[in-house]
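In the working numbering, the protein residues as written are 1151 to 1447. The beta-carbon is built from N, C-alpha and C at its ideal position, and this holds for glycine as well. Keep in mind that this is a model prediction, so the values were computed, not measured.
This is the structure we're talking about:
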């Protein structure tokens, strides 16, 4: 008589694989809808937390499947391993976010000039939904920023405003920053009165050149910043998850040097997870490369 060995089956392993796969599919769909679709960041975070919760259920079920495989040789070892692999993706993303949330200061707005941050040309507005935050940045927030990111400072270059502006434009393009508003750009663009007229419209040159008069002082003060400031406001997104950030770049000419400062703010939530500082440093590094050789002290 033939003796047939009936191998036990671990139902926990297969259940763990189903939960893990469901969590991964939910996370991927939410990430794609947020990166390329209309899904807002608060909605994406809610779905990411949900997928992590489902993945957390998958982990113990998959572990039980592996234990059963070791103890009695139950079927389901491959399914349990797949369940752990599927669950690792949403759990890793949420765990990394939680790590930065609790180890970095609670900031959503950082600036290279904490004493006089560049002002917004137009205050960014967004529906925070279930991610409320304070409406203003306090001196305590700026002190916390300095303690956490002491190396986040502006740049000063030994060059004219128009020369530095050219470098800023190139750095903005390479950093994937979309400029949406400009203020004070007339300080860089040549005056139309100073542009040469077409050859057929040029008047004959008189024998005696007229004495040029000094340009009158502007009667109205600027709406944003100082009179000599150039403000460039824009937006950018993180490469993978597509988290949105608003920023403003300020150029200020002083004697023979031009200073550049940047302010970066997360569009949603009370915490930028350190991404704002990374965006600012990346832009400034690119600007240093573009203006190599004219950096000041």
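Within 7 Å, strictly: CB atoms of residue i and residue j
| i | j | result |
| --- | --- | --- |
| residue 1414 | residue 1401 | no |
| residue 1165 | residue 1226 | no |
| residue 1338 | residue 1312 | yes |
| residue 1383 | residue 1314 | no |
| residue 1237 | residue 1209 | yes |
| residue 1386 | residue 1331 | no |
| residue 1423 | residue 1250 | yes |
| residue 1160 | residue 1215 | yes |
DSSP state of residue i mapped onto helix, strand, coil
| i | result |
| --- | --- |
| residue 1190 | coil |
| residue 1365 | With a pLDDT of only 41 at residue 1365, under 50, the local geometry of the prediction cannot be trusted, and no value is derived from it. |
| residue 1333 | strand |
| residue 1429 | helix |
| residue 1341 | Unreliable placement is indicated for residue 1341, whose pLDDT of 46 sits below 50; no coordinate value is reported for it. |
| residue 1449 | Any answer about residue 1449 is impossible in this case: the structure gives the chain only from 1151 up to 1447. |
| residue 1398 | strand |
| residue 1439 | helix |
| residue 1234 | helix |
| residue 1159 | strand |
| residue 1287 | coil |
| residue 1200 | helix |
| residue 1326 | coil |
| residue 1485 | Residue coverage of the chain in this structure runs from 1151 to 1447, which leaves residue 1485 outside it and unanswerable. |
| residue 1273 | coil |
| residue 1412 | strand |
| residue 1306 | strand |
| residue 1390 | coil |
| residue 1262 | coil |
| residue 1422 | coil |
| residue 1316 | helix |
Contacting residues, own chain, Cβ-Cβ under 8 Å from residue i (five flanking each side not counted)
| i | result |
| --- | --- |
| residue 1299 | 1260, 1427 |
| residue 1412 | 1261, 1262, 1268, 1304, 1397, 1398, 1399, 1400, 1430, 1433, 1434 |
| residue 1156 | none |
| residue 1280 | 1192, 1196 |
| residue 1258 | 1283, 1415, 1416, 1419, 1420, 1421, 1422, 1426 |
| residue 1278 | 1192, 1418, 1419 |
| residue 1343 | Note that residue 1343 has pLDDT 41, beneath the 50 cutoff, so the model's placement of it is unreliable and the number below is only indicative. So no residue of the chain qualifies. |
| residue 1285 | none |
| residue 1235 | 1170 |
Expected contact under 8 Å - CB spacing of residue i and residue j to nearest Å
| i | j | result |
| --- | --- | --- |
| residue 1198 | residue 1243 | 7 Å |
| residue 1095 | residue 1169 | Past the boundaries of the shown model lies residue 1095; the chain is included only from 1151 to 1447, so the question cannot be answered. |
Chain-order list of residues whose beta-carbon lies under 7 Å from that of residue i (same chain, five-residue window excluded)
| i | result |
| --- | --- |
| residue 1256 | 1420, 1421 |
| residue 1296 | 1264 |
| residue 1223 | 1157 |
| residue 1274 | 1396, 1415, 1417 |
| residue 1266 | none |
| residue 1335 | 1380 |
| residue 1294 | 1255, 1257 |
Beta-carbon contacts of residue i that lie in its chain and below 6 Å, excluding the five residues immediately before and after
| i | result |
| --- | --- |
| residue 1201 | 1173, 1176, 1177, 1240 |
| residue 1440 | 1317, 1320, 1321 |
| residue 1403 | 1311, 1378 |
| residue 1189 | 1183 |
| residue 1141 | A query on residue 1141 cannot be resolved here, the shown segment of the chain reaching from 1151 to 1447 and no further. |
| residue 1292 | 1264 |
| residue 1219 | 1227 |
For this session: Give a yes or no on contact between the region 1161-1181 and the region 1204-1216, applying the rule of three or more CB pairs nearer than 8 Å.
Result: yes
Exercise. Do three or more CB pairs link the region 1403-1414 to the region 1301-1309 at distances below 8 Å?
Worked result: yes
Exercise. Below 8 Å, can you find three or more Cβ-Cβ pairs linking the region 1177-1193 to the region 1384-1394?
Worked result: Output reads yes: the region 1384-1394 touches the region 1177-1193.
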